[in-house]
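Novice: Dropping a structure here in structure tokens format, bear with me for questions.
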Amino acid sequence: MHEYVRRIAFISEHASPAASLGGEDAGGQNVYVDDLSRQLSRLGYAVDIFTRRTSPDQPVILDWAPGVRIVHLDAGPPCPVAKDQLWCWMPELRDAFLRFLAEKHAWYDLIHAHFWMSGWVALELKRRLGIPVVQTFHALGQTKRRHQGEADTSPPARLAVEHAIVQQADRLIAQCPAERQELIHGYGASCKQITMLPAGVDTELFHPVDQAQARLRLGLDPSEPVVVYVGRILPRKDVRNVLRAVALLVRRLGQPARMLVVGGETPEPDPQATPELGALQRLAAELGIIDRVIFTGRRPRSELAWYYGAGDVAVTTPWYEPFGLTPLEAMACGRPVIGSAVGGIAFTVQPGVTGFLVPPRDPEALAWRLGQLLVEPNLRARMGDAARLRVEREFTWERAARQTALVYEQVLAEAGTPALTPGVDERPRRLSKVHGLHRRVA
Ligand code: UDP
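Start counting the sequence shown at 1; every next residue gets the next number (the UniProt record's numbering).
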């Protein structure tokens, strides 16, 4: 039985752990709030994840995991809305949070905000309630603007809000050195405000599987080289680059490579629902490799080890990547990764050890590395083993949660919150009655 000594409010306006992943607005952030909250609860932190209601059927409180609840707040229409359209509903989200506190007699030691809009809500709550705020951006507007230019559909307020968060939040969590640099040089954050703390991967869900078994299960040829992409299907993920590289490989080297593209809005590959999928299908046809590429559509996380495991190599070459969970997932499945040398990928993939880094938008460089790996089974096996080991050592959620808890405790100590002594302090016990949480009294 757990002893919950702290109560943490996650605010994650658009990314709920309960969403299906792989679509346009559901990816790494959803996984992060889900896995991190579960691990935090094992350390004694009861976490409520506040997110926007996207359907009238969602209960106000959903018991999600031991010590973790999802709280659906009314902010905007109770239906899916693209995240770039959500900004105008943030005052409603703030007010709904305040109403929830009053109605449920709830309190929190600390708010951990995810993404910039939730950060704004958190600052508003900090101003009114004095609750300290830890911020994880997950993506920064300045990086996005630099890479997407006019195609960036973020609300104009984004950069100013992000600057305000950098100035006012008690602590910023950067997930990789590139994000840390951007916070310091792009936003003027001070070094001591930032804790570099990478996300993790579920090493039980993502584990090495027998390749022959995986291929049998997925109906793939047991002997041909297989390249796997898993992730959201968006232009910035540049799966087009991977298709071009595979085409080069097939044409020039005569490698009969097969490519798996896993992701999309729907479980079937539907170009209407996922326009970038249509673009990829057209490109594969133009390149003469449409019969070499399998578009699977979205797959649940519980099945992904089979997809990574069926591959010889996992590839992800986005133009930019704030962190990137999929390289870690592939590594946890014991597969080498070729990734573009950007953002978090340049940090998680160790070139020459667990895979290779290539420049983004460079199909030639990618084709060369693919060719190298696909003809060397020993190198693949060595890199795959090293990848799994690196994940077990550096990127478990347990480790991420322990480090996050350390950040919370530092912030709370700075804010003058006394350390809670289980069995002595009354607040958690009172609350455990209100919320039905178990608390062992010493
Ligand atoms: N994902 C999934 N099913 C799919 C495609 C992707 O569950 O069909 C998951 C994937 O396993 C990963 C997340 O979506 O956990 C994508 O996170 P990542 O950080 O790689 O990219 P982001 O979505 O944050 O840009």
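Backbone N, C-alpha and C define an ideal beta-carbon position, used for all residues, glycine too.
As the structure is a prediction and not an experimental result, all values here were calculated from the model.
What does the alpha-carbon distance come out to for the pair Pro-208 and Val-342?
Specialist: 26 angstroms
Novice: Taking 7 angstroms as the cut-off, is the beta-carbon of Gly-28 closer than that to any non-hydrogen atom of the ligand UDP?
Specialist: yes
Novice: If you run the structure through DSSP and keep just helix, strand and coil, what is Thr-326?
Specialist: Annotated three-state conformation of Thr-326 is helix, per DSSP.
Novice: Cα separation between Val-262 and Ala-139?
Specialist: 22 angstroms
Novice: For Ala-82 and Pro-377, I'd like the C-alpha separation in whole angstroms.
Specialist: 43 angstroms
Novice: Between Val-239 and chain D, is any beta-carbon pair separated by less than 8 angstroms?
Specialist: Here chain D cannot be found, since the structure has a single protein chain.
Novice: For Asp-57, does the count of other Cβ atoms within 10 angstroms reach 16, so buried, or fall short, so exposed?
Specialist: By the neighbour-count criterion, in which 16 or more other beta carbons inside 10 Å mark a residue as buried, Asp-57 falls on the exposed side.
Novice: Among the candidates Tyr-108, Glu-103, Ala-102, Phe-97, whose CA atom is the shortest distance from the CA of residue 478?
Specialist: Outside the modelled stretch of the chain, which goes from 1 to 442, sits residue 478, for which no answer is possible.
Novice: The ligand UDP and Gly-324: does the residue's C-beta get closer than 7 angstroms to at least one heavy atom of that ligand?
Specialist: yes
Novice: State buried or exposed for Val-375, treating a residue as buried only when at least 16 other CB atoms are found within 10 Å of its CB.
Specialist: exposed
Novice: In chain order, which continuous runs of the alpha helix (DSSP H) of length 4 or greater are located wholly inside the stretch 248-316?
Specialist: 275-286, 304-310
Novice: Of the choices Pro-132, Glu-179, Ile-290, Phe-115, whose alpha-carbon is the least far from that of Ala-413?
Specialist: Pro-132
Novice: Closer than 8 angstroms is the cut-off here; do at least three beta carbon pairs connect the stretch 270-278 with the stretch 182-201?
Specialist: no
Novice: Ordered along the chain, which non-local residues of its own chain (more than five positions away) have a Cβ less than 7 angstroms from that of Ala-367?
Specialist: Cβ within range, chain order: Ala-245, Leu-248, Leu-249.
Novice: For Ala-169, which residues in the same chain have their Cβ closer than 6 angstroms to its Cβ, ignoring the five residues on either side in sequence?
Specialist: Val-133, Gln-135
Novice: How far does the alpha helix (DSSP H) with Ala-9 in it extend, from its first residue to its last?
Specialist: Per DSSP, Ala-9 belongs to no alpha helix (DSSP H); it is in the beta strand (DSSP E), 6-11.
Novice: Quick one: what's got a C-beta closer than 6 angstroms to Ala-122's C-beta in the same chain, skipping five residues either side?
Specialist: Ile-11, Ile-111, Ala-113, Val-133
Novice: Quick check: does the Cβ of Gly-119 come within less than 7 angstroms of any heavy atom belonging to the ligand UDP?
Specialist: no
Novice: So, helix, strand or coil for Pro-222, using DSSP?
Specialist: coil
Novice: Give a single yes or no on whether Val-31 has its beta carbon closer than 7 angstroms to a heavy atom of the ligand UDP.
Specialist: yes
Novice: Who are the Cβ neighbours of Arg-369 in its own chain at under 8 angstroms, not counting the five residues just before and after it?
Specialist: Ile-338, Phe-356, Val-358
Novice: Just verifying my parser: in three-state terms, what is the DSSP assignment at Val-358?
Specialist: strand
Novice: Would you be able to state if there are at least three C-beta pairs under 8 angstroms between the stretch 147-166 and the stretch 102-111?
Specialist: Contact between the stretch 102-111 and the stretch 147-166 is absent: fewer than 3 CB-CB pairs across the two stretches fall below 8 angstroms.
Novice: Determine the direct distance from the alpha carbon of Arg-292 to that of Ile-8, and round the result to whole angstroms.
Specialist: 48 angstroms
Novice: Indicate the three-state DSSP secondary structure (helix, strand or coil) for Thr-404 in the structure shown.
Specialist: helix
Novice: Should the stretch 292-302 be called in touch with the stretch 320-328, which here means at least 3 C-beta pairs below 8 angstroms?
Specialist: no
Novice: Residue ranges of each alpha helix (DSSP H) run of no fewer than 4 residues wholly in the stretch 122-208, ordered along the chain?
Specialist: Complete alpha helix (DSSP H) runs here, min 4: 141-148, 158-168, 177-181.
Novice: Across which residues does DSSP place Leu-73 in a beta bridge pair?
Specialist: Arg-52
Novice: Using beta-carbon positions only, say whether Gly-44 and Arg-6 come within less than 8 angstroms of one another.
Specialist: yes
Novice: Which residue or residues does DSSP assign as beta-bridge partners of Leu-110?
Specialist: Ile-8
Novice: Taking 8 angstroms as the cut-off, decide whether the C-beta atoms of Leu-21 and Asn-30 are in contact.
Specialist: yes
Novice: Starting from Asp-95 and walking both ways along the alpha helix (DSSP H), at which residues does that stretch end?
Specialist: 90-104
Novice: Ordered along the chain, which non-local residues of its own chain (more than five positions away) have a Cβ less than 6 angstroms from that of Gly-28?
Specialist: Around Gly-28: Leu-325.
Novice: Going by DSSP in three states, Ser-340 sits in which element: helix, strand or coil?
Specialist: If DSSP states are grouped into helix, strand and coil, Ser-340 belongs with the strands.
Novice: What residue range is occupied by the uninterrupted beta strand (DSSP E) comprising Leu-62?
Specialist: 61-65 is the span of the beta strand (DSSP E), which, as asked, contains Leu-62.
Novice: Between Val-349, His-163, Gly-130, which has its C-alpha nearest Gly-416's C-alpha?
Specialist: Gly-130
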